[in-house]
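Structure first, then comments.
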Amino acid sequence: MRFILVFIILIVQLYADKDSYNRGEMLFFANGCSGCHGPSAEGSSTYPRLANKKQVYLKKKLIDFRAGKAQSVSQQMMSQFAKKLSDKNIEDLSYFLSHHKKVKYEDINDDVLGGVGS
Ligand code: HEC
């Protein structure tokens, strides 16, 4: 009996995660995030990669940006976009980005952060 319960919970959780991924993907494009961070959240020389960074990190960043915490002009710019996001939006976006499927680690050019905000 307990096994069946655990099984059901696992299935429900799996579907919930899938929904979160899809909602996050939709939000990423609908809010113009892709315009700066790239269609695969891969980043560029000016904007940081977001794909496959840790969920807790992305979530904290977005919550801080939304609260207006910014130490540079580029962070202020980011704040404008984060202000529009609800808690649920941040949850879905950070889930989607941290589980991003389109970018492989080998493809990532991650020397961008050093150049950003400095
Ligand atoms: C106008 C360009 C622009 C748009 C649009 C934009 N961002 Fe950003 N974003 C930036 C820049 C620039 C930074 C780097 C800020 C800094 O200096 O730390 C950044 C940083 C971030 C970070 C922190 C990344 C890290 O590794 O520190 C996250 C998370 C993020 N953006 C998510 C989003 C999301 C989600 C959206 C859409 C709602 C979005 N961004 C839209 C320009 C943009």
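The numbering of the sequence shown is my numbering, which starts it at 2 and goes up by one.
Idealized CB from N, CA, C, for every residue including glycine.
Since the model is a prediction, treat every value here as computed from it, not as a measurement.
Nearest to residue i (by Cα), restricted to the options the options
i	options	result
residue 89	16, 10, 101 and 28	28
residue 33	100, 103 and 86	86
Buried or exposed by the 16-neighbour rule on C-beta atoms within 10 Å, applied to residue i
i	result
residue 42	buried
residue 118	Residue confidence is low: residue 118 scores 42 on pLDDT, short of 50, so the model does not pin down where it sits. Its coordinate-derived value is still stated next. The residue is exposed, with fewer than 16 neighbouring Cβ atoms inside 10 Å.
residue 91	buried
residue 83	buried
residue 3	exposed
Cβ of residue i within 8 Å of any chain B Cβ
i	result
residue 99	The structure shown has no chain B; it contains just one protein chain.
Cβ shell of residue i (< 7 Å), same chain only, five flanking positions each side left out
i	result
residue 93	21, 24, 25 and 28
Q. Along the chain, which unbroken stretches of the alpha helix (DSSP H) at least 4 residues long are found entirely within the stretch 6-59?
A. 34-38
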